[in-house]
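**Q**
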Amino acid sequence: SIFYKNYEKPRKEGILLIFVFSLWLILIKATVFPILIFGFILTFKSKLSKQTMLSIFSLCGIAFIAFCIKNFIVSGYPLYPTNIGGSILNADWRIPLEIQKMYYSLTQLHAYHITDIEIYQNWNFRDKAIHWFTLPKLHGLFNRLMILSLIISPFFTLRNKALKWIYIIGLIQFSALMITSPQYRFFFHILLIFSLIILAKILINRNSRWIFNFLLISIGLSFIPLFIPFGIDNFTDNPLMTRDNNLFESSNFI
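With our numbering as the guide, the letters of the sequence shown map in order to residues 19 to 272.
1) Could you compute how far the alpha carbon of LEU153 sits from the alpha carbon of GLY103?
2) Give the secondary structure of GLN118 by DSSP, where H, G and I count as helix, E and B as strand, and everything else as coil.
3) Just to confirm, is the Cβ distance from PHE85 to LEU45 under 7 Å?
4) Secondary structure at ASN89, three-state DSSP: helix, strand or coil?
5) In three-state terms, what does DSSP make of ASN142?
6) Determine, using beta carbons only, whether ILE204 and SER171 come nearer to each other than 7 Å.
7) Hey, would you say SER40 sits closer than 7 Å to LEU60, going by beta carbons?
8) Going by DSSP, what residue range makes up the alpha helix (DSSP H) through SER213?
9) Keeping to the same chain, check which residues put their C-beta closer than 8 Å to that of ARG164; ignore five residues upstream and five downstream.
10) With DSSP collapsed to three states, give me the class of LEU189.
11) At the level of alpha carbons, what is the spacing between LYS27 and ILE20?
12) Please identify the residue among LYS30, ALA109, ILE190 whose C-alpha is closest to the C-alpha of ILE91.
13) What's the call for THR175, buried or exposed, on a 16-neighbour Cβ count within 10 Å?
14) Out of LEU97, THR70, LYS47, ASN89, point me to the one whose CA is closest to LYS30's CA.
15) Roughly how many angstroms lie between the CA atoms of CYS78 and LYS65, to the nearest whole one?
16) Between which two residues does the alpha helix (DSSP H) holding LYS23 run?
17) Which residue wins for smallest C-alpha separation from ARG177, given the options ILE237, ILE215, LEU72?
18) Using alpha carbons as the reference points, say which of SER167, VAL38, PHE241 lies closest to ILE80.
19) Just to confirm my understanding: we take ALA48, look at its own chain, exclude 5 residues before and 5 after, and list those with CB closer than 7 Å. What are they?
20) If you follow the alpha helix (DSSP H) that HIS157 is in, where does it begin and where does it stop?
21) Between ASN256 and LEU156, what straight-line distance do the alpha-carbon atoms span, to the nearest angstrom?
22) With burial defined as no fewer than 16 other Cβ atoms inside 10 Å of the residue's Cβ, what is the status of ASN140: buried or exposed?
23) In three-state DSSP terms, what is PHE241?
24) Among the residues of its own chain, which have a CB less than 8 Å from the CB of GLN126, if the five just before and after it don't count?
25) Helix or strand or just coil, what does DSSP make of GLY104?
This is how it looks when you write it as structure tokens:
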């Protein structure tokens with residue numbers, strides 16, 4: 019939102035705010051690193067003073083140092099989950115390299131819903147993509163919706179430069195996740211943003227009455243899973259979601 023509003027006429031306050039938010043998010047979850055591109059795009063589009071540019075790069079430098087210190091304290095590797103720098107610093111509490119590799123392998127197996135690591139190691143990219151795309155239940159559903167959104171979104175974003183960049187950055191982040199751990203919980207926000215952009219482009223030329231009716235229907239549909247029982251066994255194996263008492267209850271207020 020900040021990027022979109024500042025794209026045509028970048029303001030110093032908006033650019034600094036993007037960097038603050040982006041660096042904060044990266045410190046929480048490193049896989050969102052492509053979000054930094056938003057700030058750099060506006061920086062190169064604008065004519066900022068040397069003092070402001072120094073502030074931006076100082077902010078990035080401080081955040082990077084904090085990121086390395088946090089990782090080093092937790093794992094013994096400054097750039098965890100990679101092992102870069104671990105052998106140089108050689109901390110006593112450093113996670114053994116074999117355990118680090120095993121943990122990474124387990125996250126890969128979890129993403130593809132398999133338990134045999136030998137099968138996974140024999141797969142090529144095509145095998146992984148087909149298996150990932152055809153996963154059952156919610157995982158497969160969101161995976162297919164993500165691919166569908168990547169195909170459809172350009173028709174709604176390419177005419178607008180700011181939206182085009184949002185699409186490109188989302189594509190970069192999704193590609194990074196496909197290489198590391200393509201679990202839908204990691205790319206769900208990309209799917210959500212693309213879906214909302216498509217929805218906004220569809221609604222923008224409609225009159226207010228049409229939009230009001232759409233919102234009314236949406237609110238009505240949201241009540242269905244709260245008050246009407248329906249089987250979700252076809253969507254998930256999670257025992258917490260499939261138990262009988264998953265409806266809204268008055269005791270939840272308490």
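Backbone N, C-alpha and C fix where the C-beta goes; we use that ideal spot for every residue, glycine too.
**A** In this structure, then:
1) 37 Å
2) It is helical.
3) Result yes, Cβ atoms of PHE85 and LEU45 sit closer than 7 Å.
4) helix
5) The three-state reading of DSSP puts ASN142 in coil, since its state is none of H, G, I, E or B.
6) In the sequence as presented, Ile is not what sits at residue 204; that position holds Phe. Not closer than 7 Å, so no.
7) no
8) 202 to 221
9) According to the sequence provided, residue 164 is Met. The question's Arg does not apply to it. These residues qualify, in order along the chain: PHE192, TYR202, PHE205, ILE208, LEU209.
10) helix
11) Looking at the two C-alpha atoms, the distance is approximately 12 Å.
12) Looking at the Cα atoms, ALA109 is the closest of the given residues.
13) Buried, by the Cβ-count rule.
14) Sorting LEU97, THR70, LYS47, ASN89 by C-alpha distance to the C-alpha of LYS30 places THR70 at the top.
15) When rounded, the distance between both Cα atoms is 19 Å.
16) 20 to 24
17) ILE215
18) VAL38
19) none
20) HIS157 -> alpha helix (DSSP H) spans 155 to 170.
21) 10 Å
22) By the 10 Å Cβ count, ASN140 comes out exposed.
23) coil
24) TYR138, SER199
25) helix
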